[in-house]
Structures are given as structure tokens and as C-alpha cells.
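All residue numbers for the sequence shown refer to the working numbering, where the first residue is 127 and numbers rise by one.
Here a beta-carbon is modelled for each residue, glycine too, at the ideal position from N, C-alpha and C.
Bear in mind the structure is a predicted one, so any value in this text is a computation, not a measurement.
The structure under discussion appears below in the form of C-alpha cells.
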Amino acid sequence: MQTIVITGGTDGIGRALALHQLRRGAHVVAVGSTSAKGEALLAEADALSASGRVDFLRADLTSVGAAQDLASAIEDTCARVDGLVLCAQRYRLFGPRTVTAEGFEHSFALAYLSRYVLGHRLRSVLESAPCPVIVNVGTPGVPLGRVHWDDLQLTRRYGGTRATLQSFRANDLLGAAFPELYPDTPIRYIGYNPGVVSTGMPRHLPQPLRALVTAVFTVAATSADKAAAPIAALLETPPDAAFSAYRGTRRLPLDTRPFRKEDALRLHTLTRGLVDAISPAPREE
Ligand SMILES: NC(=O)c1ccc[n+]([C@@H]2O[C@H](COP(=O)([O-])OP(=O)(O)OC[C@H]3O[C@@H](n4cnc5c(N)ncnc54)[C@H](OP(=O)(O)O)[C@@H]3O)[C@@H](O)[C@H]2O)c1
């Protein structure tokens, strides 16, 4: 039986993909920070007669330590992971800069660092699967934002949109670095942009933007179920390339600035230093 780990698997695109995978007989490990959403997913799995094939793991992925603990918990309980789908996200487009207890800017921590930690830490359980895939769901192909090399934590000139876009561009480079670092890995790393998808994301925006985005979603967005289908297809039949990027079903060229290998390796080295400075919490016996 395939095991698919989905961060942000309790809501939006991740939840739709979790239910899709349960319907096709996979074991799903869904991760989110809210217990109530996890319990709702477990109840939906029960209704599909799939309660024996679903686990909810609660983790606040703004914390590097929590992401490391999550990786340990998955390694301890899953002999192999066939698919890792990275969807956990909470946009903070407005408001003041916030910093996690570990000292990282919020968007950098949640949307980028947690994905960095999980992708690298789960490599060995992924490599135990016959055809392992990582799908990093973000916005590849959107020519907005950049990595602020001289100030990754945006201590100067912070803006919520700037931070969100930086985390997206950092994820483009995260995927581009993976095959450079592990040339022999069987893991297929896919950066995936689902387009505009109607999810609960606007719930976390302030008014009047919430009303505006909700209205746009009503007329222009695809449903989470429809958005999950191409991701499921990529998990089932990944491309041959070690790294690829898609916007919907369109494959993106990789010889473009967002995926430059030198930048990808530079960011990897900087990130490794940041992550290594956080000591993993002692393992519970
Ligand atoms: N929707 C779109 O139009 C769109 C467009 C392009 C790209 N994307 C990308 O697609 C992915 C999924 O987006 P979505 O719209 O489906 O999001 P969503 O409906 O807002 O769901 C976000 C998920 O992330 C989890 N999450 C949030 N904060 C977390 C934390 N601190 N720790 C652990 N989990 C956390 C949420 O669970 P809890 O609330 O319980 O924490 C939830 O399961 C994101 O990466 C997003 O950037 C979305």
C-alpha cells in the first residue's frame, strides 16, 4: 500500500488530495496545526471506510524543531513514503513582521523552512519506495518576488507580500537544488503551481480583501477537488526528470532565472546553516 504524506492535508488542496488518495486505497498521513480540522478529516475517512488508512499528525510547521520532530515521527512509523506533498501555508500579506520562537520571519519559516527540513529529512524513507515523489505546491512560473540574499529574514523593509513572494521563490530554488545535491536519488522533485483554487485561504485575509478574494474565487477559481487531480496524476506517473516544474498541466522551462542552479545551491548552503543552528528536541523514549 502506498503512503502519501501531505502537509496542509486537512484543508484546501491538501485535504482534497488526501481524500482522493484515500478513495484510491492509499495510506495518508495528513499534517496540520489545528486538531479540529484533523478530526474532521478522520471523520471523512471513516465515512469512506478508510479510517484504518489515515493518520492525522498535529504539528505547527512554523517551527523548525516541530518539522524535525514530525520527520522523526514519520520515519518511526512509516517504513516507506511514496509521496510527500507540501501544501502547508498561511498567508500573512498584511500586518507587522512576526518572528517565530526560533527567530525566523513567519513566511520564511512556515512556507519555506518546513519544506526544506521535511524534504531533506524524509529522503531515506522516500528512497525506500519504488517510485518516490515530492510535490512542492507553490507558485512556480509566477514572475514575482525574489530571494533577498542580504536579508533573508526581512529585518529591513519588511512587507507581508514581499515575505510571501520570497518564500515562493525560495521553494523554486529548493526543488532546483535537490537533484544537484542528490544526483543518484530516485526521488522525483516537482514544483507545482495549481493556479487559482477556491480554498479556505481567504478566511485568513483582512476585510475588504477577504470579500474581494472570495468573490474572485467564486467566479474564477477552480475547485480544490479539480486542482488535486493533476497532483494525484503526477504522484502516480511522475516525469522522468529528477526536477520538474508545472503550472497546472503545463511543464515549465527550467533554464530560467527562478531555477538557477548556482542560486539554488547558495540558498541550500545558507539554509543548512540556519537549520543546523536549531538543535533538534531530545527524542522521547
Ligand atoms: N489556493 C490557491 O489559489 C493557490 C494558488 C497557488 C498556490 N497555492 C498553494 O497551494 C498550497 C495549499 O494552499 P490552499 O489554498 O489549499 O491552503 P489552505 O486551504 O489555506 O490550507 C492550508 C493548510 O495548511 C495548514 N497549515 C497552516 N498553517 C500551518 C502551520 N503553522 N503548521 C502546519 N500546518 C499549517 C492548514 O491547517 P491548519 O489551519 O490546521 O494549520 C491547512 O491544512 C499552498 O502552498 C499555496 O501556496 C494555492
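Would the beta-carbon of residue i fall within 7 angstroms of that of residue j?
i, j, result
"residue 315", "residue 357", "no"
"residue 233", "residue 193", "no"
"residue 412", "residue 157", "With the chain running from 127 to 411 in the structure shown, residue 412 is simply not present."
"residue 324", "residue 347", "yes"
"residue 209", "residue 262", "no"
"residue 340", "residue 294", "no"
"residue 152", "residue 130", "yes"
"residue 302", "residue 237", "no"
"residue 190", "residue 252", "no"
"residue 242", "residue 397", "yes"
"residue 154", "residue 147", "yes"
Nearest CA to the CA of residue i: which residue from the options?
i, options, result
"residue 312", "347, 249, 220, 293", "249"
"residue 134", "373, 400, 164", "164"
"residue 383", "182, 138, 251, 272", "272"
"residue 300", "151, 227, 368", "368"
"residue 354", "321, 377, 127, 161", "321"
"residue 223", "279, 361, 140", "279"
"residue 287", "405, 198, 221", "221"
"residue 421", "145, 187, 182", "As displayed, the chain neither begins before 127 nor continues past 411, which places residue 421 out of reach and without an answer."
"residue 405", "269, 171, 307, 228", "228"
"residue 349", "147, 143, 201", "143"
"residue 217", "381, 298, 401, 326", "326"
"residue 169", "141, 381, 258", "141"
"residue 269", "373, 231, 197, 203", "373"
Going by DSSP, what residue range makes up the alpha helix (DSSP H) through residue i?
i, result
"residue 197", "190-203"
"residue 290", "286-307"
"residue 357", "350-362"
"residue 249", "249-253"
"residue 404", "No alpha helix (DSSP H) contains residue 404, which DSSP labels as neither H nor E."
"residue 225", "Per DSSP, residue 225 belongs to no alpha helix (DSSP H) and is neither H nor E."
Is it buried or exposed for residue i, if we count other Cβ within 10 angstroms and need 16 for buried?
i, result
"residue 338", "exposed"
"residue 329", "exposed"
"residue 292", "buried"
"residue 289", "buried"
"residue 395", "exposed"
"residue 136", "buried"
"residue 360", "buried"
"residue 334", "exposed"
"residue 410", "A caution first: residue 410 carries a pLDDT of 46, below 50, which makes its placement in the model too unreliable to give a value."
"residue 128", "buried"
"residue 161", "exposed"
"residue 203", "exposed"
For the beta strand (DSSP E) containing residue i, name the first residue and the last one.
i, result
"residue 212", "209-212"
"residue 153", "153-158"
"residue 183", "180-184"
"residue 371", "369-373"
"residue 259", "259-263"
"residue 314", "314-319"
Can a CB atom of chain C be found closer than 7 angstroms to the CB of residue i?
i, result
"residue 191", "Of the protein chains in the structure, only one exists, and it is not chain C."
Would the beta-carbon of residue i be found less than 6 angstroms away from any heavy atom of ligand 2?
i, result
"residue 327", "Among the ligands in the structure shown, ligand 2 does not appear; only ligand 1 can be found there."
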